[in-house]
Amino acid sequence: MTIRIRDAVEGDIEGIARVHVQGWRESYKDFLRPEALAGLSVEERMRMWQGAFAEPDPRARLLVAQADTGEIVGFARGGPIREGAEQLGAEAEIFAIYLLDKVKRQGIGQRMMRGVFAHLSQHGFRSVGLWVLKDNLSARRFYEALGGQPGAEQSFDLRGQMVAEVAYRFELKSKR
Numbered sequence: 017m018t019i020r021i022r023d024a025v026e027g028d029i030e031g032i033a034r035v036h037v038q039g040w041r042e043s044y045k046d047f048l049r050p051e052a053l054a055g056l057s058v059e060e061r062m063r064m065w066q067g068a069f070a071e072p073d074p075r076a077r078l079l080v081a082q083a084d085t086g087e088i089v090g091f092a093r094g095g096p097i098r099e100g101a102e103q104l105g106a107e108a109e110i111f112a113i114y115l116l117d118k119v120k121r122q123g124i125g126q127r128m129m130r131g132v133f134a135h136l137s138q139h140g141f142r143s144v145g146l147w148v149l150k151d152n153l154s155a156r157r158f159y160e161a162l163g164g165q166p167g168a169e170q171s172f173d174l175r176g177q178m179v180a181e182v183a184y185r186f187e188l189k190s191k192r
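Residue 192, in the numbering used here, is where the sequence shown stops; the numbers in between run on with no holes.
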């Protein structure tokens, strides 16, 4: 299967929402209770992603990984840091990155992350951060392999379950 990384378009919303839900279920099955994952809804995620397209920020970038069959199998989105995320200690943030299990460990996540990093760098951002579940060791190894440095930690209620997250920070080379 050949995977192409490209900028997302509004017609990708349903595919992105499906990956978002399935990605949660696959990636977090060992960390979250089954009922929390069962409560996820493609329709709810579609509404969320429609909002991102309704108010686009040119400094943000949403990439999709598309199989040669046309199926969206992953996505990554980053942009200026959101209010309340200052604890990341970065100027920009990776809001989400998800890949379906069937396409993991093929370099697709790295390609998407580098694409978002390049876009943020072109917009003058010098650092980017993200939050990851502290117990998600495979994701943490992925971020560390990309040069991410662990930092602050926080705990919060996620769908009725207390979880701990760790921040990762990446230094970017400004292209401005």
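Built from N, CA and C at the ideal position, the CB exists for glycine as well.
In this text the structure is predicted, and so the values were computed from the model without any measurement.
**Asked** Which of the three DSSP states, helix, strand or coil, is assigned to Ser43?
**Response** helix
**Prompt:** Which of the three DSSP states, helix, strand or coil, is assigned to Ile97?
**Reply:** Coil, per DSSP.
**Asked** Between Ile113 and Leu174, what straight-line distance do the alpha-carbon atoms span, to the nearest angstrom?
**Response** 18 Å
**Asked** Residue ranges of each beta strand (DSSP E) run of no fewer than 3 residues wholly in the stretch 62-127, ordered along the chain?
**Response** 77-83, 88-96 and 108-115
**Message:** What does DSSP give as the partner residue(s) for Ile19 in the beta ladder?
**Reply:** Ala83
**Message:** Suppose you measure from the CA of Phe141 to the CA of Lys189; what does that come to, to the nearest Å?
**Reply:** Annotation: Phe141 to Lys189 spans about 8 Å, alpha carbon to alpha carbon.
**Asked** CB Arg157 to CB Val182, shorter than 9 Å?
**Response** no
**Proximity to Gly167 [Cα-Cα], best of Gln177, Leu146, Arg49 and Ala81** = Leu146
**Message:** Give me the DSSP bridge partner(s) of Glu181.
**Reply:** Leu149 and Gln170
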